[in-house]
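Residue numbers (the working numbering): 2 to 994.
The C-beta atom is built at its ideal place from N, Cα and C for all residues, glycine as well.
Predicted model only: the values in this text are computed from it and were never measured.
Below: one structure, written as structure tokens.
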Amino acid sequence: MGGQKMNLSNLTPAQQKALMQRQAQQQAAARAQQGGQMQGQGGKPMTEEEIKKAYIVKQQRWLLFLRHASKCQAAEGQCQYTPHCHVAKSLWEHVLKCTNSQCQYPRCLASRELLKHHQNCKDARCPVCGPVRSAMLKQRSQVLMQMQQTGGPNAKRMRTDGQFMPVGPPVAQVKGSVGQKRPGGEGTSLMECFTPDEVCTHLASLRLSETANPVAKGQPMSARRRDAEAEKAIAGASESACQGCGVERLTFEPPPLYCYACVGRIKRGQVYYHIPPSATGGEVRKDAWCNGCYNAIQGHVEVEGQKWPKNVLAKKKNDDDLEEPWVQCDYCNSWYHQICVLFNGRRNEGGEAPFTCPQCILSQLEKKERTPTTKRPSSQLPASILPQTKLSFFLEERLRKVLGRERQERAKLLGKPVDEVPHAEGLTIRVVSSVEKKLETKSNFMRVFKDQNYPESFPYRSKVLLLFQKIEGVDVCLLGIYVQEYGSECPAPNTRRVYLSYLDSVKYFRPSGIQVATGEGCALRTYCYHQILIGYLQYVKQRGFTSCFIWACPPFQGEDYILYCHPKEQKTPKSDKLREWYLKMLRQAQKEGIVLSLGNLYDEFHLGNQNHDIASATELPYFDGDYFPGVAEDWIPGIEKEQAENAKRNKGKKPAPQSKTRGKKLPNSEVGGDLDVEVAKKLGATIQNMRHDFIMAHLAHQCTQCRKCIADDNRWYDSTPSDKGTVFELCQECYDVESALPAHDKVLTKDRDLVCERVEALVEKTGDDGEEMQSEFFDTRQAFLSLCQGNHFQFDSLRRAKHTTMMVLYHLNNPSEPAFVATCNVCQRELEPGKGWRCETCPDYDICEECKISVGHEHALVRSGQRHSGAAGGMTEEDRRDRQAQIQRTMELLVHATTCKVANCGSPNCTKVKHLFKHAMTCTVKAGGGCQLCRKMWTLLQVHSKGCKVTNCPVPRCRDLKEYRRRATEQIEERRREQYRMYINQQNAAMRR
2 MGGQKMNLSN
12 LTPAQQKALM
22 QRQAQQQAAA
32 RAQQGGQMQG
42 QGGKPMTEEE
52 IKKAYIVKQQ
62 RWLLFLRHAS
72 KCQAAEGQCQ
82 YTPHCHVAKS
92 LWEHVLKCTN
102 SQCQYPRCLA
112 SRELLKHHQN
122 CKDARCPVCG
132 PVRSAMLKQR
142 SQVLMQMQQT
152 GGPNAKRMRT
162 DGQFMPVGPP
172 VAQVKGSVGQ
182 KRPGGEGTSL
192 MECFTPDEVC
202 THLASLRLSE
212 TANPVAKGQP
222 MSARRRDAEA
232 EKAIAGASES
242 ACQGCGVERL
252 TFEPPPLYCY
262 ACVGRIKRGQ
272 VYYHIPPSAT
282 GGEVRKDAWC
292 NGCYNAIQGH
302 VEVEGQKWPK
312 NVLAKKKNDD
322 DLEEPWVQCD
332 YCNSWYHQIC
342 VLFNGRRNEG
352 GEAPFTCPQC
362 ILSQLEKKER
372 TPTTKRPSSQ
382 LPASILPQTK
392 LSFFLEERLR
402 KVLGRERQER
412 AKLLGKPVDE
422 VPHAEGLTIR
432 VVSSVEKKLE
442 TKSNFMRVFK
452 DQNYPESFPY
462 RSKVLLLFQK
472 IEGVDVCLLG
482 IYVQEYGSEC
492 PAPNTRRVYL
502 SYLDSVKYFR
512 PSGIQVATGE
522 GCALRTYCYH
532 QILIGYLQYV
542 KQRGFTSCFI
552 WACPPFQGED
562 YILYCHPKEQ
572 KTPKSDKLRE
582 WYLKMLRQAQ
592 KEGIVLSLGN
602 LYDEFHLGNQ
612 NHDIASATEL
622 PYFDGDYFPG
632 VAEDWIPGIE
642 KEQAENAKRN
652 KGKKPAPQSK
662 TRGKKLPNSE
672 VGGDLDVEVA
682 KKLGATIQNM
692 RHDFIMAHLA
702 HQCTQCRKCI
712 ADDNRWYDST
722 PSDKGTVFEL
732 CQECYDVESA
742 LPAHDKVLTK
752 DRDLVCERVE
762 ALVEKTGDDG
772 EEMQSEFFDT
782 RQAFLSLCQG
792 NHFQFDSLRR
802 AKHTTMMVLY
812 HLNNPSEPAF
822 VATCNVCQRE
832 LEPGKGWRCE
842 TCPDYDICEE
852 CKISVGHEHA
862 LVRSGQRHSG
872 AAGGMTEEDR
882 RDRQAQIQRT
892 MELLVHATTC
902 KVANCGSPNC
912 TKVKHLFKHA
922 MTCTVKAGGG
932 CQLCRKMWTL
942 LQVHSKGCKV
952 TNCPVPRCRD
962 LKEYRRRATE
972 QIEERRREQY
982 RMYINQQNAA
992 MRR
């Protein structure tokens, strides 16, 4: 108003009073800026140091106030802590959702800054956070003491983010709080089985910072930030840190998320859409759609035969972080990461499982107070206890002998006694899965080549091999191999062939940095892995297999083949490095006489000969998950369209005379024309520059001309050695044809000096006595990868690799235990064992403690992990067999009811199932809308389809559900092919420059 004075006579009494109050507030604010109201004792102005201290105290109190409000359950006006609690609660609820950088809500911005600092602060000397943590420690300690004195509920498993527990040495007085039983045999931590030396060694390895090495450039920024936080935490090792590793907060690597529609990866921080549990009646679905595919959705999405309206899809950000779980010692109350102490969370039933920390184990063993574990329970069995097969026994014995000879060679080279030379110890090889499978020919390929009597399917045996090594007293899984064996009963072109499907390893082999002395010029780790593969080739050769195929395709950034989450210091090999790794192994096998010749798909089938003796696509091997079947299926429609357009343009023109060919006669147009040759041509043009990635190793003699295996027959071979590892040889039939030609027409034998040799017959049957070993966790590599991703079984550090292997062995030795941790069906947070509640009425419904209070559930709930009636945890082996038999009877009833036409069937439950079918056909709500009967029907159908082997099954939707699972598998393989295709295009573009 400038320098003018306001005329108060023009204002009403109420306006005059309001103006006077406003002026008084302005004057008080001005005095505050001048420091006039900052007064200490005796009315003197406060010093700058005193003002700072007062500000810190205010921040401490406000932080404690907010923490109280976040947990207080008292109604408004009933809080015993403060009558203003409801104000802080309102602020807390607002802060949790607010993202506005200029929010005007009272105290919002200041509170968010304070909470953000407190969440990230790792400094034990922080003037704000340090005293707050100490106050919380004191309060928590008092609560624990009261619980122990009054026999209250056990809270040792209930540590959450932000709670800080008292730690200290073992206290003898606490022993009575866990009962008078002599310590030992808890069965929850693998460290119970350790010797004192092994306990000390394991603890020492935890204290070594695995984040000291810089993060590789290829690592995401989130990994860099986590590493920096971990290093800072170790340096400041506060009293709230893990007493094993010295780090306070460790988070898991988030599992990769892929779009259901385009199969593209949804990156960290990106927005995606999913079907929320509220739309499924509590069922948690993992399907996700990226932003682009969501915008393209018209009306609804269809998943597993169920339709979901677009408007039910919920928006979410891919930024979830999950902290490693904790466990508290029963004796000293110290807190540890479960992974650090090899704690089996699946044994923590009801959150009350006993646990003794390593320090207390050492103390009790030293004082003779603890009973040493002599017989391990099923939850702690080593890898050597897993059942042996002929293959695993052969490989293990062979590896032991080979490594023994190498050690002797190294000792001779170093001039030392053999006992002083380091060697690989504690190696165990096991076949953990060996099952019969059937590869069905893809639809387009079958449609085109059905008239050429191409097989509809190829039976094969899938096997999974694992290599374990005992490191610091703990088995660690180092190597995983998936192979496909197409035996003597499998039709051509797969007869007697082996396909090395996937191989994956982690770099924890001991001893490291040792070069072998056998002339291979490689590390002992590489030599060991090579010898395992060579041993496998020797084994299958003895059984009558004739060739092995390898697609040398490395995993691309962010992808894992078998073992989830590799160490950040382990580099992923490029295609040329991986190819040379395999070829080095095969050349060694060739020296040992196991592999007879080497080649590649491109040269073997003359894919570069675009005009004459190129092979037909029906002659190429057709393996599950291989490159060729997938791309051929994609190419066929395009080639057909192109041929139709060419035929339309050339209509009425005289066909050109066919050229003479030395190879087989091309198929005529009535059975698909030369479509098979066009597919082979396109494959050749595509992989020309990467031909050496498609490796073929022959274990038996093969005719160079007709590509048939030479057995129980003469072979004519070129005695001149080849630098490429290939051998020119002809079967007797092809040699006779070539010999009958005039001298000027001979091409194959020209300038060659061929020698004749008699070849023995092959083993009649390739079977290995039907050694069946089923494991749902290793049925496919994706199944095992999903098990690891869903349970955060990671291999990115040695401490995690130890714990992961322990849990893998637990699942292998206890196959009836549930594979995945429970997830809250409301908020989707993972539930630690004993932390949540389960509904016995709804199928697969779990809810956390918070959602049980805030949301509730319509049915009765029981605590998860408790041994109540019907729970799997309380079942005996007989109970499990009875339950499995009941499921089998239900499945048989389902099939019966589908085909039963009798109105009054004698089966008591047939009518019930028929009514379910009838309801599902007419229901307008459906399972997606929440109909319980429809959901029950869907559950039955899904269980049936997973085990159904019938091609034309009469059960409704069985074929659709099988197709959905097949499509899900194909999406994974398509992602691999697409990445490899991009890699090929990059290589081709580089060659053209």
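Using alpha carbons as the reference points, say which of 308, 443, 395 lies closest to residue 968.
-> 443
Counted within 10 angstroms of its Cβ, other Cβ atoms place residue 485 as buried (16 or more) or exposed = buried
Just how far apart, CA to CA, sit residue 338 and residue 329?
-> 9 Å
Residue 489 by DSSP, collapsed to three states: which one?
-> coil
Residue from 513, 752, 317 with nearest C-alpha to residue 287 | 317
Over what stretch of residues does the beta strand (DSSP E) that includes residue 1 continue unbroken?
-> Within the shown structure, residues of the chain are numbered from 2 to 994, placing residue 1 beyond reach of any answer.
Residue range of the alpha helix (DSSP H) that residue 112 falls in?
-> 109-121
Tell me whether residue 609 is buried or exposed, calling it buried when 16 or more other Cβ atoms sit within 10 Å of its Cβ.
-> exposed
For residue 815, name the three-state secondary structure that DSSP assigns.
-> coil
Excluding five sequence neighbours on each side, which residues of the same chain lie with their C-beta closer than 7 Å to the C-beta of residue 714?
-> 732, 733, 760
Pairwise C-alpha distance: residue 576 and residue 808 | 32 Å
Are the CB atoms of residue 391 and residue 435 nearer to each other than 7 Å?
-> no
Can you tell me whether residue 531 is buried or exposed, with buried defined as 16 or more other CB within 10 angstroms of its CB?
-> Label assigned to residue 531: buried.
Based on Cα-Cα distance, which residue from 813, 589, 772, 890 lies nearest to residue 387?
-> 813
Residues bridged to residue 440 (per DSSP) | 459
Beta-carbon contacts of residue 932 that lie in its chain and below 6 Å, excluding the five residues immediately before and after | 924, 926
Taking all protein chains shown into account, decide if residue 356 is buried (16 or more other Cβ within 10 angstroms of its Cβ) or exposed.
-> buried
Residue 631, enclosing alpha helix (DSSP H) - first and last residue = 628-650
Can you have a look at residue 1 and say buried or exposed, based on whether 16 or more other CB atoms are within 10 angstroms of its CB?
-> With the chain covering 2 to 994 only, the question about residue 1 has no answer from this structure.
Can you name, in chain order, every residue of its own chain whose Cβ lies under 6 Å from the Cβ of residue 554, other than the five neighbours on each side?
-> 981
Below 8 Å on the Cβ atoms is my guess for residue 693 versus residue 601; work out the distance and round it to an integer in Å.
-> With 8 Å as the limit, residue 693 and residue 601 qualify as a contact, their Cβ atoms being about 6 Å apart.
Integer Cβ distance of residue 539 from residue 603, believed to fall under 8 Å = 27 Å between Cβ atoms; not a contact.
Cβ separation of residue 384 and residue 450, assumed to be a contact under 8 Å, to the nearest whole Å | So it is not a contact: roughly 45 Å between Cβ atoms.
To the nearest angstrom, how far is it from the Cα of residue 67 to the Cα of residue 966?
-> For residue 67 and residue 966, the distance between alpha carbons rounds to 48 Å.
Note the first and the last residue of the continuous alpha helix (DSSP H) segment covering residue 395.
-> Residue 395 -> alpha helix (DSSP H) spans 391-415.
In this structure, does DSSP put residue 100 in helix, strand or coil?
-> coil
So, helix, strand or coil for residue 518, using DSSP?
-> coil
Return the Cβ separation of residue 1 and residue 206 in integer angstroms, given the expectation that the two are a contact with Cβ distance under 8 Å.
-> As shown, the chain starts at 2 and ends at 994. That puts residue 1 outside it, with no answer to give.
Buried or exposed for residue 359, please, with buried defined as at least 16 other CB atoms from any protein chain shown within 10 angstroms of its CB.
-> buried
Span of the alpha helix (DSSP H) around residue 697 = Looking at the DSSP string, residue 697 is not in any alpha helix (DSSP H); the run it does join, the beta strand (DSSP E), is 695-699.
Mind pulling the alpha helix (DSSP H) runs of 4 or more residues that sit fully within the stretch 942-993?
-> 959-993
Nearest-angstrom Cα separation, counted from residue 970 out to residue 984 | 22 Å
Does DSSP classify residue 333 as helix, strand or coil?
-> coil
Residue 254 and residue 972: beta carbons closer than 7 Å?
-> Contact: no.
Would you mind stating whether residue 518 and residue 410 have Cβ atoms separated by less than 7 Å?
-> yes
C-alpha distance - residue 322 paired with residue 252, whole-angstrom precision | 6 Å
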